[in-house]
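Chemist: Below you will find the structure I want to go over with you.
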Amino acid sequence: MGVMAVVGANWGDEGKGKITDYLAHDANFVVRFQGGSNAGHTILNAWGKFALHALPSGVFYPHVHNVIGPGVAVNIKDLLRELATLRERAVPTPQLRVSERAQVVLPVHVQLDRYEEERLGANQFGSTRTGIAPFYADKALKIGVQISELFSKNRLRERVERALALKNVLFVYGYNQPMVDPDALTETLWHEAAQIADYVADTTTLLQNGWRDGQSIVLEGQLGALRDPDHGIYPFTTSSSPLAGFASVGAGIPPYAITRIIAVTKAYSTCVGAGPFVTELLGSDAETLRERGGDAGEYGATTGRPRRVGWFDAVATRYGCAVQGATEVALTNLDVLGYLEEIPIAVGYRIDGKVTTQFPTTTQLTAAQPIFEMMPGWRTDIRAIRRYHNLPSATRHYVERIEELIGTPVHLISVGPEREQLLVKE
Ligand code: GDP
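Per this note's numbering, the sequence shown starts with residue 1482, numbered consecutively.
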């Protein structure tokens, strides 16, 4: 299988968890390379339904080495909580390694995220308030705390002091909140560190060796291309790059090691949080699609927030596939559209009277109106179908039209949330 990246072509929640879970069956390593516990992957399997936020999606296979790479924002509490959930639900203990170079999400990052969103009020970014933006800001400012620094108390105390110096000024004078005591925070981190010590490793060497030995590695992205700080709908983006191009950086393997880039997209669109969303549906049409979508309606795996829903956007998805460098696409949730007589696909945007098929910057995107092409619906339940040629011809037309519009072949098609509800299009 080699090295492959499973990444989002859109706004996140495309169903990457399910696709990674499927691919993990034949993998030696499943690696998280960016982001933190600010998004969730929903996985349904023999043990039940799980929303993974911090752990890689390979944790349900005892043979898989699950790696949290240097690029990840590690919230130790969330990690321990998720491991405990697996134990409580009788999932065999997973093999887990956390990079000594990854950095830690501090409680003050979560506080700062919350205070700032509250300050912004109606103008807030729709942050999940898990501290991700302040975490990556501190990393860039070089005042973050690396996992390797957790195990020397003096070093840790020094780093905590650095991290708190300006924040305490901001807490007191900017947000009217109490100061954080560096001694107390050092103690908290010191105790948390002891609980993850057994997992901490030089994951870069581990993965480099695995790659050289020809082992199969799945790099698991979080969120999607349109949330990338450089290529996405800035400022409604996340704070680390969810692109396959960053996977080699965030995991620690050579860029040329990655030979397959699987961009995951839903057969319709969903988006959590703020920002322009051109094909968005409102009112009862949105309600119907939201209730039928996903495994139990379209509600955020981390926040429970209702997801914004809309029709498939070929302009956004072609762009998403391009910036991901997708070699193939996994199309999920195709079963959900089975209730429709006709299915719209956005094939272009009208912006200030001009038609374009290029995905523009956020400034222009806010003025974009979708241009729809109507596809016939199939009005059938396709969840039990396992072969592409057994799908109704209207369903195949829908898939093939999407392929044509986004310029990337669809290889995997998901027709339900369960592990086996998947078909391979040759
Ligand atoms: P991720 O973050 O990209 O892994 O996506 P999420 O897990 O947040 O959202 C995907 C949702 O779609 C979850 O509720 C999944 O259980 C569900 N899901 C995935 N594939 C399918 C599918 O083919 N059909 C249906 N009906 N639900 C799916």
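We put the beta carbon where it would ideally sit given N, CA and C, even for glycine.
1) Quick check: what's the CA-CA separation for Lys1747 versus Ala1738?
2) Nearer than 7 Å: is that true of the beta carbon of Leu1700 relative to any heavy atom of ligand 1?
3) Could you name each continuous alpha helix (DSSP H) segment of 4 residues or more that falls completely within the region 1484-1535, going from the start of the chain to the end?
4) Is it true that the region 1814-1822 meets the region 1718-1729, where meeting means three or more beta-carbon pairs spaced less than 8 Å apart?
5) Could you compute how far the alpha carbon of Arg1562 sits from the alpha carbon of Pro1873?
6) Taking 7 Å as the line, does the beta carbon of His1870 fall inside it for any heavy atom of ligand 1?
7) Which ranges would you report for the alpha helix (DSSP H) in the region 1557-1632 if only whole runs of at least 4 residues count?
8) Threshold first: 3 residues or longer. Then list the beta strand (DSSP E) segments lying entirely within the region 1800-1826, N to C.
9) Looking at the strands, I want to know which residues DSSP matches up with Phe1793.
10) Give me, in chain order, the residues of the same chain whose beta-carbon lies closer than 8 Å to that of Trp1792; leave out the 5 immediate sequence neighbours on both sides.
11) For Arg1788 versus Val1753, is the C-beta spacing smaller than 8 Å?
12) Using DSSP with H/G/I as helix, E/B as strand and the rest coil, what is Ala1907?
13) Just verifying my parser: in three-state terms, what is the DSSP assignment at Ser1697?
14) Candidates Arg1877, Lys1906, Arg1636: which alpha carbon is nearest Val1891's?
15) Assuming Gly1702 and Ala1490 are in contact, meaning their beta carbons sit under 8 Å apart, how far apart are those beta carbons, in whole angstroms?
16) What residue range is occupied by the uninterrupted beta strand (DSSP E) comprising Phe1853?
17) Using 7 Å as the cut-off, classify the Cβ of Lys1906 as near or not near the heavy atoms of ligand 1, replying yes or no.
18) Using DSSP's beta-bridge definition, name the partner residues of Pro1787.
19) Enumerate, from N- to C-terminal direction, the unbroken alpha helix (DSSP H) stretches of 4 or more residues contained entirely within the region 1659-1737.
20) Per DSSP, Asn1635 forms a beta bridge with which residues?
21) Let me check you understand the geometry: is the CB of Gln1902 closer than 7 Å to at least one non-hydrogen atom of ligand 1?
22) Quick check: does the Cβ of Ser1895 come within less than 7 Å of any heavy atom belonging to ligand 1?
23) Which of the three DSSP states is assigned to Ala1748 in this structure?
24) DSSP on His1892, reduced to helix/strand/coil?
25) Just to check my reading of the structure: Val1540 and Tyr1680 have Cβ atoms closer than 8 Å, yes? What is that Cβ distance to the nearest angstrom?
26) Going by DSSP, name the residue or residues bridged to Ala1554.
27) Where does Arg1741 sit, in a helix, a strand or coil, going by DSSP?
28) Look up Ile1866 in the DSSP assignment and say whether it is helix, strand or coil.
29) Compare the beta carbon distance of Ala1744 and Ala1795 with 8 Å and say whether it is the shorter of the two.
30) Would a check of beta-carbon distances place Gly1489 closer than 8 Å to chain B?
31) DSSP three-state label for Asn1871, please.
32) Taking just the CA atoms, how far does Asp1494 sit from Gln1839?
33) Report the option in Asp1502, Met1482, Gln1515 whose CA atom is closest to the CA atom of Arg1900.
34) What three-state label does DSSP hand Arg1860 in the structure shown?
35) Residue range of the alpha helix (DSSP H) that Thr1843 falls in?
36) Roughly how many whole angstroms lie between the Cα atoms of Val1699 and Thr1876?
Modeler: Taking the structure as given:
1) Here residue 1747 refers to the residue found at position 266 of the sequence shown. Here residue 1738 refers to the residue found at position 257 of the sequence shown. Lys1747 and Ala1738 have their C-alpha atoms spaced approximately 27 Å apart.
2) In the sequence shown, counting from the first residue as 1, residue 1700 sits at position 219. Not so, every heavy atom of ligand 1 lies at least 7 Å from the Cβ.
3) Runs of the alpha helix (DSSP H) inside the region 1484-1535: 1497-1505.
4) Short answer: they don't touch.
5) Counting from 1 along the sequence shown, the entry for residue 1562 is found at position 81. Counting from 1 along the sequence shown, the entry for residue 1873 is found at position 392. Annotation: Arg1562 to Pro1873 spans about 44 Å, alpha carbon to alpha carbon.
6) In the sequence shown, residue 1870 corresponds to position 389, counting from 1. Taking the Cβ of His1870 as the reference point, every heavy atom of ligand 1 lies at 7 Å or farther away.
7) Correct list: 1557-1569, 1588-1601, 1613-1621.
8) Whole beta strand (DSSP E) segments, 3+ residues: 1809-1813.
9) For the purposes of this step, residue 1793 is identified with residue 312 of the sequence shown, where counting begins at 1. Bridge pairing for Phe1793: Ile1826 [DSSP].
10) As a position in the sequence shown, residue 1792 is number 311, starting the count at 1. Tyr1749, Ser1750, Thr1760, Leu1762, Ile1824, Pro1825, Ile1826, Ala1827, Pro1851, Phe1853.
11) The residue given as residue 1788 occupies position 307 in the sequence shown. The residue given as residue 1753 occupies position 272 in the sequence shown. Yes.
12) Position 426 of the sequence shown, counted from the start, is the residue given in the question as residue 1907. Strictly speaking, residue 1907 in this sequence is Glu, with Ala absent from that position. In the structure shown, Glu1907 sits in coil (DSSP, three-state: anything other than H, G, I, E or B).
13) Reading the sequence shown from its first residue, position 216 is the one you call residue 1697. For Ser1697, the secondary structure class from DSSP, reduced to helix, strand or coil, is coil.
14) Taking the first residue of the sequence shown as position 1, residue 1891 is located at position 410. Nearest option by C-alpha distance: Lys1906.
15) Residue mapping note: residue 1702 aligns to position 221 of the sequence shown, counting from 1. Residue mapping note: residue 1490 aligns to position 9 of the sequence shown, counting from 1. Their Cβ separation, rounded to whole angstroms, is 10 Å, which puts Gly1702 and Ala1490 out of contact at 8 Å.
16) Mapped onto the sequence shown, residue 1853 falls at position 372. Note, Phe1853: beta strand (DSSP E), 1850-1857.
17) One-based indexing of the sequence shown puts residue 1906 at position 425. For ligand 1, not one heavy atom lies less than 7 Å from the Cβ of Lys1906.
18) Position 306 of the sequence shown, counted from the start, is the residue given in the question as residue 1787. DSSP lists Tyr1780 as partners of Pro1787.
19) If only uninterrupted alpha helix (DSSP H) runs of at least 4 residues are considered, those enclosed by the region 1659-1737 are 1663-1677, 1684-1693, 1725-1732.
20) One-based indexing of the sequence shown puts residue 1635 at position 154. For Asn1635, which the question treats as bridged, DSSP gives no partner whatsoever.
21) For this step, residue 1902 is matched to residue 421 along the sequence shown. True, at least one ligand heavy atom lies under 7 Å from that Cβ.
22) Reading the sequence shown from its first residue, position 414 is the one you call residue 1895. For ligand 1, at least one heavy atom lies less than 7 Å from the Cβ of Ser1895.
23) Residue mapping note: residue 1748 aligns to position 267 of the sequence shown, counting from 1. Secondary structure at Ala1748: coil, using DSSP grouped into helix, strand and coil.
24) Sequence index remark: in the sequence shown, residue 1892 carries index 411 (1-based). DSSP, reduced to helix, strand and coil, places His1892 within a strand of the structure shown.
25) Translated into the one-based positions of the sequence shown, residue 1540 becomes position 59. Translated into the one-based positions of the sequence shown, residue 1680 becomes position 199. Not a contact, Cβ separation roughly 12 Å.
26) Taking the first residue of the sequence shown as 1, we reach residue 1554 at position 73. Here Ala1554 is bridged, per DSSP, to Gln1584.
27) Locating residue 1741 in the sequence shown gives position 260, counting from the first residue. Strand.
28) Taking the sequence shown and counting its residues from 1, one reaches residue 1866 at position 385. Ile1866 falls in the coil class under three-state DSSP.
29) Taking the first residue of the sequence shown as 1, we reach residue 1744 at position 263. Taking the first residue of the sequence shown as 1, we reach residue 1795 at position 314. One thing to note: Ala1744 has its Cβ no nearer than 8 Å to the Cβ of Ala1795.
30) This model lacks chain B altogether; it includes just one protein chain.
31) If you number the sequence shown from 1, residue 1871 lands on position 390. If DSSP states are grouped into helix, strand and coil, Asn1871 belongs with the helices.
32) Locating residue 1839 in the sequence shown gives position 358, where the first residue counts as 1. Locating residue 1494 in the sequence shown gives position 13, where the first residue counts as 1. If you take the alpha carbons of Gln1839 and Asp1494, they lie about 23 Å apart.
33) Locating residue 1900 in the sequence shown gives position 419, counting from the first residue. Taking each of Asp1502, Met1482, Gln1515 in turn and checking the Cα distance to Arg1900, the smallest one comes out for Asp1502.
34) Position 379 of the sequence shown, counting from 1, holds the residue named residue 1860. Arg1860: coil per DSSP, three-state reduction.
35) The residue labelled residue 1843 in the question sits at position 362 within the sequence shown. Counted as a single uninterrupted DSSP element, the alpha helix (DSSP H) harbouring Thr1843 occupies residues 1843-1846.
36) Mapped onto the sequence shown, residue 1699 falls at position 218. Mapped onto the sequence shown, residue 1876 falls at position 395. Distance between the alpha carbons of Val1699 and Thr1876: 29 Å.
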